[in-house]
Structure formats: C-alpha cells, structure tokens
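Accompanying notes for the structure given below.
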Amino acid sequence: MEEKALFPGSTIGIIGESSNGIMLAEAAKKMGFKVIAYNSDEAAPTMQEADLGVVGSLHSKAKLQDFAERCDLVTYESDKVSSDVIEAIGQYTKVPQGSEPLEITQDRLLERAFLEQMNINIAPYATIVSLDDIYQAIGSIGYPCVLKPIQKGFGRKRQQVINRQSDIAKCADIIDLGTYVLEAWIPYEKELSVIIGKEFDGKLNFFPIVENIYRDHHLFQSITKSQLEADVQAEVHRIATEIATQLDYVGVLEIAFFLTKSGSLYVKRIVPALHKAGFVFEKATNISMFELHLRALSRMPIPQVRFVQPTVMVAIKNEDLEPLRTQWVLKDNWVYRFYRYPQTKRMVNPGYLLVLAETTTAAIHQIEATNIWSDTSSEGEEPNETVDEDTQ
23 MEEKALFPGS TIGIIGESSN GIMLAEAAKK MGFKVIAYNS DEAAPTMQEA DLGVVGSLHS
83 KAKLQDFAER CDLVTYESDK VSSDVIEAIG QYTKVPQGSE PLEITQDRLL ERAFLEQMNI
143 NIAPYATIVS LDDIYQAIGS IGYPCVLKPI QKGFGRKRQQ VINRQSDIAK CADIIDLGTY
203 VLEAWIPYEK ELSVIIGKEF DGKLNFFPIV ENIYRDHHLF QSITKSQLEA DVQAEVHRIA
263 TEIATQLDYV GVLEIAFFLT KSGSLYVKRI VPALHKAGFV FEKATNISMF ELHLRALSRM
323 PIPQVRFVQP TVMVAIKNED LEPLRTQWVL KDNWVYRFYR YPQTKRMVNP GYLLVLAETT
383 TAAIHQIEAT NIWSDTSSEG EEPNETVDED TQ
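For the sequence shown, the residue numbers in the numbering used here are 23 to 414.
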C-alpha cells in the first residue's frame, strides 16, 4: 500500500518518557497535527502538552493497542522504548521509524555486529559471561577497559571500569546477572555527534557536526561549528552516511564518535531517535531537529539544512537555577528552555539554555565568565569512575 502524506488535522502519537517529548508535541501542534501521548505518568510534560494523554505501562497490550488505533502514525521520542513495544504498536498503526533499529542498538553485541559488517572502526571488545573470560580477554583488550551489560539501559550500577588486574574481582557481584561486553577505553580528544534526518526515499539531511562535552556522566554542552579538519568532517559524513543508509529507519537519528588526538574516528553509538545533542539546532540552524523529524515522518518536503548562528547548548541542573537568576536579567543572547516537569519530581536536568554569539569561542568565554559551571573535576571522564550510556 502506497504511503500517503499527513496533513494538518492528522493525529500523531508520541511514546516515550524523555524530555524530547514535550518539544516534539509542541512542534507537532504548531504544524497543525493533533497529538496523543502515551506515558506512565499523567503529570508528565508531554501528557500536559498533548491534545490527549493515554496513561499506561509499556506492558499493557490493551492500552498500547487503544493508543495506536487512535493515531495516524506513532513516533518514539527516545531510544529507551523497547523494540518489542514498537513492534506491537506497528500491528495497529504506522511507525515509520520501525522496531528493527531499536532492536539493533539496544543490544551492544548486535550494534557492534552491525557496525563490524560495514568494517567501521569501533573500540576493541570481547563477549564476557564469566570472570575467567575477563582474565582471558584482558591481554588483547588491555587496560583501562569497561565492562558493560549487552543490554543498554541498566546505567552505571551494572558497569565496571577496570584499570588493573585487581579491579577484575570487583566484577564478581554483577557478572552472574547476564552477558557482558568488555570494551577497550578509547583515549579520545573530542566527542562528536552528527544528527541526520532520513526520509522515506532514503535521502539524508545532515545537521552541522556538533562537539559534545560530558560532565558527571551527563551531556553538559553541545557546540556547533567545532574546529575540525576538513578530512575529519568528510570522514564523519562518510561513515554516518553508510550507517544511516543501512538502517531501515525514517526520521531523525544521532551517530556519535570519539575523535583521538591522532585524528582516528571510532563510532561510539547509534541513537535511532531524537537526542539531546540536537537541542542546539533550535537556534543554530534554519530548521529544528523536531520539525525535521516530523516532516520526514509525515512525508513533507524537507528544506536544505543551513547553519544560521554559532550556538552553544548548556544543560541546566537544579543547583544552577539560583545563580542563573543574575544572568536571566543580564544576558539578551541567552535563550532558556525548561521541560516543566512537576515540582514533585526532581529532574537532574530541568532544562537547558542556548547561548548565541558571533563565534562559539565567544559563547564559551561568556559561559565560563559566569563561574556557574566552573567545577571541572569530572571533565574528561577519568577511567577510574564507572560510566553510563552517555559516556564510554
């Protein structure tokens, strides 16, 4: 059956529980679509922004079916949504992103196999099911390295950084909980992201490459127009094109890289969904990540992405809110965005801000001059700390 374009008045369903949802719902309503959100929390911002909210767990088949049948299409706004859930929803409505990309990327072994078949550079790794496997693999993997469960989403409690042989014993408490990946630590100089919009016909639309900085295992800054050599930019685009072309996917996705001092690139991860690194494009480009995603899903023509303004995104923490009051009344080039989660829920990042300037260097200097984010103790993610999905 031929796919048809969606027009204003059509209904788009949004499933997922990340901060992407509210902005995606806002963008959809501006474009004239009706929005139905599915969430386990009726007070979630996406539910409040939607025309209709369906409250239910991701295990409720009846609720998921009811939700899906009300929608002309459904989009998942986070890669944390189970591929099984999306496959189930796909029986009752269109899900252009598909479930297969989630199935591949939510399993570290499947993701690595997918990348290896294209001969794409990734960190050396070994499959681990016992402590003995770690001792045997460490000779080829080397120190430092990271032990991670093959299924993503468990966070830092199920991971262990190994700096020396004595650290292997620390893995005893978690090793019986499942299959793991032992991955070499990449001594990177920069972390890069490329956000891509993929259309039904396979056409790819690239946003500018972004440099990401992490602190305390969370995304802290995304910087547009990072200083990169032309050959590095070309290689990022070549690899990203190959990956995105091979994925059976429609919509916006992120591909993240480690860039070493010698100029080598390693693919860090694939996110077949919206990612926080793309928040910066709300002001940096002529079209936002959210609008491009919706245009791709609804078969609308997509304009050529153009760089408009050097911009730096800074994630806001709860402890930043008080010192930011001074900047609120001083900075005319700072644009704020809050997710509006209920006060009863303490979010690590209640929002973010965008700093616009003549150059990204000028924006960063302005950010640093406030001394709000002067604590750099966790920059660089020292390998003696455990890590989560957003770092190595």
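Using N, Cα and C, we set each Cβ at its ideal position, and we do this for glycine too.
Quick caveat, the model's predicted, so the values are computed rather than measured.
Would residue 372 be called buried (16 or more neighbouring beta carbons within 10 Å of its own) or exposed?
Under this definition residue 372 is a buried residue.
Going by other Cβ atoms of all chains shown within 10 Å of its Cβ, with 16 needed for buried, is residue 214 buried or exposed?
Result: buried.
Could you name the residues that DSSP lists as bridge partners for residue 240?
Paired residue(s): 237.
Return the Cβ separation of residue 107 and residue 89 in integer angstroms, given the expectation that the two are a contact with Cβ distance under 8 Å.
So it is not a contact: roughly 11 Å between Cβ atoms.
Since residue 274 contacts residue 217 with CB under 8 Å, what's their CB separation in whole angstroms?
Indeed, because the Cβ distance is near 6 Å, the residues count as touching under 8 Å.
With H, G and I counted as helix, E and B as strand and the rest as coil, what does DSSP make of residue 36?
Residue state, collapsed to three classes: strand.
What's the gap between the Cα of residue 145 and the Cα of residue 168?
Cα to Cα, residue 145 sits roughly 11 Å from residue 168.
When we look at the beta-carbon of residue 301 and count the other beta-carbons within 10 Å, is it buried (16 or more) or exposed?
So residue 301 ends up on the buried side.
Pick from 358, 348 and 326: whose alpha carbon is nearest that of residue 337?
Of 358, 348 and 326, the residue nearest in Cα terms is 358.
Taking only runs of the alpha helix (DSSP H) that begin and end inside the segment 116-166, which ones reach a length of at least 4 residues, in chain order?
Runs of the alpha helix (DSSP H) inside the segment 116-166: 122-127, 130-138 and 153-163.
Which residue's Cα is closest to the Cα of residue 141: 327, 264, 87 and 315?
The shortest C-alpha separation from residue 141 is found at 264.
Kindly confirm or deny that the segment 156-174 and the segment 227-236 touch, where touching means at least three C-beta pairs closer than 8 Å.
Flag = no, the segment 156-174 and the segment 227-236 do not touch.
Can you tell me which of the three DSSP states residue 205 falls into?
Three-state result, residue 205: strand.
Roughly how many angstroms lie between the CA atoms of residue 54 and residue 249, to the nearest whole one?
So the alpha carbons of these two residues sit roughly 39 Å apart.
To the nearest angstrom, report how far apart residue 173 and residue 37 are at their CA atoms.
If you take the alpha carbons of residue 173 and residue 37, they lie about 20 Å apart.
By Cβ distance, which residues of its chain are closer than 8 Å to residue 27, with the 5 residues on each side in sequence left out?
Within the same chain, residue 27 has close Cβ partners 320, 321 and 322.
Any idea if residue 409 is buried or exposed, counting beta-carbon neighbours within 10 angstroms, 16 or more meaning buried?
Because residue 409 carries a pLDDT of 42, less than 50, the predicted location of this residue cannot be relied on, and the following value inherits that uncertainty. By the neighbour-count rule (16 or more Cβ atoms within 10 Å), residue 409 is buried.
Do residue 241 and residue 299 come within 8 Å of each other at the CB atom, strictly closer than that value?
Closer than 8 Å, so yes.
Considering Cα atoms alone, identify which of 329, 244 and 180 is closest to residue 376.
Of the listed residues, the one whose Cα sits closest to residue 376 is 244.
What's the call for residue 253, buried or exposed, on a 16-neighbour Cβ count within 10 Å?
Per the 10 Å Cβ criterion, exposed.
For the beta strand (DSSP E) holding residue 280, just list the boundary residues, first then last.
Per DSSP, residue 280 belongs to the beta strand (DSSP E) from 273-282.
What are the boundary residues of the beta strand (DSSP E) that residue 182 is part of?
It spans 182-184 - the beta strand (DSSP E) in which residue 182 sits, taken as one unbroken run.
Leaving out the 5 sequence neighbours to the left and right, which residues in its chain are closer than 6 Å to residue 212 when beta-carbon positions are compared?
Around residue 212: 233 and 281.
Should residue 270 and residue 112 be called a contact, given that it needs their Cβ atoms to be closer than 8 Å?
The answer is no: Cβ separation not under 8 Å.
Based on DSSP bridge pairs, tell me the residues matched to residue 1.
Nothing can be reported for residue 1: it is not among the residues displayed for the chain, which extend from 23 to 414.
Nearest to residue 393 by alpha carbon, out of 370, 342, 351 and 362?
Measuring from the Cα of residue 393, the nearest candidate turns out to be 342.
Can you say whether residue 161 is buried or exposed, counting buried as having 16 or more other CB atoms within 10 angstroms of its CB?
The residue in question, residue 161, is exposed, as its Cβ has fewer than 16 Cβ neighbours within 10 Å.
What separation, rounded to the nearest whole angstrom, lies between the Cα atoms of residue 91 and residue 102?
Rounded to the nearest angstrom, the two C-alpha atoms are 22 Å apart.
If you run the structure through DSSP and keep just helix, strand and coil, what is residue 321?
Of the three classes helix, strand and coil, the one that applies to residue 321 here is coil, per DSSP.
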